[in-house]
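Before any comments, here is the structure.
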Amino acid sequence: MSEGAVSPGGPTQAAIGRWWLLIPAAGSAQRMRSDVPKQYLRLGERSVLELAVSRFVDLPGLAGVILVTSGPIPQAVSDALSAHGVPVHRVDGGATRAESVRNGLAMFRDRWTELSSSPAQSGQGEWVMVHDAARPCVRPEDVQQLLTLVRAPDGGLLTAPVRDTIKRVDRDGRVAETVDRSPLMHALTPQLFPAGVLLEALEGALAAGFEVTDESSAVERAGLRPRAVVGAADNLKITHPEDLTVARAILARQGVLDD
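Under the working numbering, think of the first position of the sequence shown as 1143, with each following residue one higher.
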């Protein structure tokens, strides 16, 4: 890993201190069958993106928000995000999620260059929490648990146990075996890593043509073992139109919706 990466067995959340929230939101609304990108669809009085960001802004240590989008943020959404009093930076997205996250991390490379004369202040020691814009139901207490349990350089991610019976199917469409689900987990977001570790892992994976399905997969490819932190199973990702109704019910049960 890079020279600026923190050694194994490194800091607890108290030592991490500052962290950044990076939200890739440059995808299309194709599966939502909507002319409006799903992060700007409304759930109650707020957009999906506003609700997602709101789950993080009261947690200690948040230094700022990096929004990676394919175009300008609607003014009403921008104003609502600014009202939280947390710095918000917009970055242009890439062709894939991995490229968008890498673009968002590039601002840290600029900070490393600016601070290179003072290694003790180097931006390589900063942490980045990557979260799907379409996951407004994440629970702040789960995020706090993630912050508490991760260690550098491996980082970690929220997960949920696989509850369904899993079948391995052969090429003819016949069941080959029933898979033991006890060690299997759904990978959720947020995912939390040292900025330098994640940037190096993503760039290595992209250069090798590796399919990056989430940030953890890139870090795993680099030889690290992220911590799987179990969170609530209702951390829904809004993907299809019917998911909006489910998300609304979850957020109402959590007491989050304004209406």
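Every residue gets a Cβ at the ideal spot worked out from N, C-alpha and C, and that includes glycine.
Same chain only: Cβ atoms within 7 Å of residue i, ignoring 5 sequence neighbours per side
i: Val1228; result: Val1199, Leu1204, Gly1206 and Val1207
i: Ala1274; result: For clarity, residue 1274 is Asp in the given sequence; the question names Ala instead. Closer than 7 Å at the Cβ level, and outside the excluded window around Asp1274, lie Thr1331 and Lys1379.
i: Ile1402; result: Past the edges of the chain, shown from 1143 to 1401, lies residue 1402, and the structure says nothing about it.
i: Pro1261; result: Note that Pro1261 scores 43 on pLDDT, short of 50, meaning its location in the model is unreliable; the coordinates nonetheless yield the value given after this. Contacts found: none.
i: Gly1329; result: Checking the sequence shown, residue 1329 turns out to be Ala, not Gly. Contacts found: Leu1299, Thr1301, Asp1356 and Ser1358.
i: Val1317; result: Lys1309 and Val1311
For residue i, three-class secondary structure by DSSP
i: Thr1290; result: helix
i: Pro1383; result: helix
i: Glu1342; result: helix
i: Ala1168; result: coil
i: Glu1362; result: helix
i: Leu1334; result: strand
i: Ala1205; result: strand
i: Leu1163; result: strand
i: Ala1411; result: The structure shown does not extend to residue 1411, since the chain is modelled only from 1143 to 1401, so the question has no answer here.
i: Ala1276; result: coil
i: Val1285; result: helix
i: Ala1349; result: helix
Boundaries (first-last residue) of the beta strand (DSSP E) holding residue i
i: Gln1181; result: Here Gln1181 belongs to no beta strand (DSSP E), and DSSP marks it neither H nor E.
i: Arg1094; result: This structure cannot settle anything about residue 1094, because the visible part of the chain is limited to 1143 through 1401.
i: Ala1318; result: Val1317 to Val1321
i: Val1272; result: Trp1269 to Val1272
i: Arg1310; result: Ile1308 to Val1311
Segment limits, alpha helix (DSSP H) that includes residue i
i: Gly1298; result: First-last for Gly1298: Gly1298 to Pro1303, but that is the beta strand (DSSP E), not the alpha helix (DSSP H).
i: Leu1194; result: What sits at residue 1194 in the sequence shown is Ala, not Leu. Looking at the DSSP string, the run of the alpha helix (DSSP H) that includes Ala1194 is Val1190 to Ser1196.
Same chain, Cβ closer than 6 Å to residue i, five either side skipped, listed in chain order
i: Ala1350; result: none
i: Asp1252; result: none
Cut-off 8 Å between Cβ atoms - residues of its own chain near residue i, not counting five sequence neighbours on either side
i: Pro1282; result: Arg1197, Phe1198, Asp1200 and Leu1201
i: Gly1159; result: Gly1203
i: Val1243; result: Leu1164, Pro1166, Val1210, Val1272, Leu1340, Leu1344 and Glu1357
i: Trp1161; result: Gly1203, Leu1204, Ala1205, Glu1268, Trp1269, Val1270, Met1271, Leu1289 and Leu1334
Self-check item: the segment 1183 to 1201 touching the segment 1269 to 1281, judged by at least three CB pairs closer than 8 Å
Solution: Using a C-beta cut-off of 8 Å, the segment 1183 to 1201 makes contact with the segment 1269 to 1281, since at least three inter-stretch Cβ pairs fall below that distance.
Practice problem: Write down every uninterrupted run of the beta strand (DSSP E) in the segment 1213 to 1252 whose length is 3 residues or greater and which is fully enclosed by it, in chain order. | Solution: With a minimum length of 3 residues, the continuous beta strand (DSSP E) runs that stay inside the segment 1213 to 1252 are 1230 to 1234.
Quiz item: Do the segment 1306 to 1324 and the segment 1356 to 1374 make contact, defined as three or more Cβ pairs closer than 8 Å?
Solution: Under the 8 Å Cβ criterion, the segment 1306 to 1324 does not count as touching the segment 1356 to 1374, having fewer than three qualifying pairs.
Self-check item: Segment contact flag, the segment 1162 to 1170 with the segment 1234 to 1245, C-beta cutoff 8 Å, min 3 pairs
Solution: The segment 1162 to 1170, when compared against the segment 1234 to 1245, does touch it at the 8 Å Cβ threshold.
Quiz item: Is the segment 1338 to 1355 touching the segment 1381 to 1398 in the sense that three or more CB pairs, one from each, lie closer than 8 Å?
Solution: Taking 8 Å as the limit for Cβ pairs, the verdict is that the segment 1338 to 1355 does not touch the segment 1381 to 1398.
Exercise. Inspect the CB distances between the segment 1176 to 1187 and the segment 1243 to 1250 and report whether three or more fall short of 8 Å.
Key: Segments in contact, no.
Self-check item: Inter-stretch contact at 8 Å, needing at least 3 Cβ pairs: the segment 1287 to 1304 / the segment 1334 to 1341
Solution: At 8 Å Cβ cutoff, the stretches touch.
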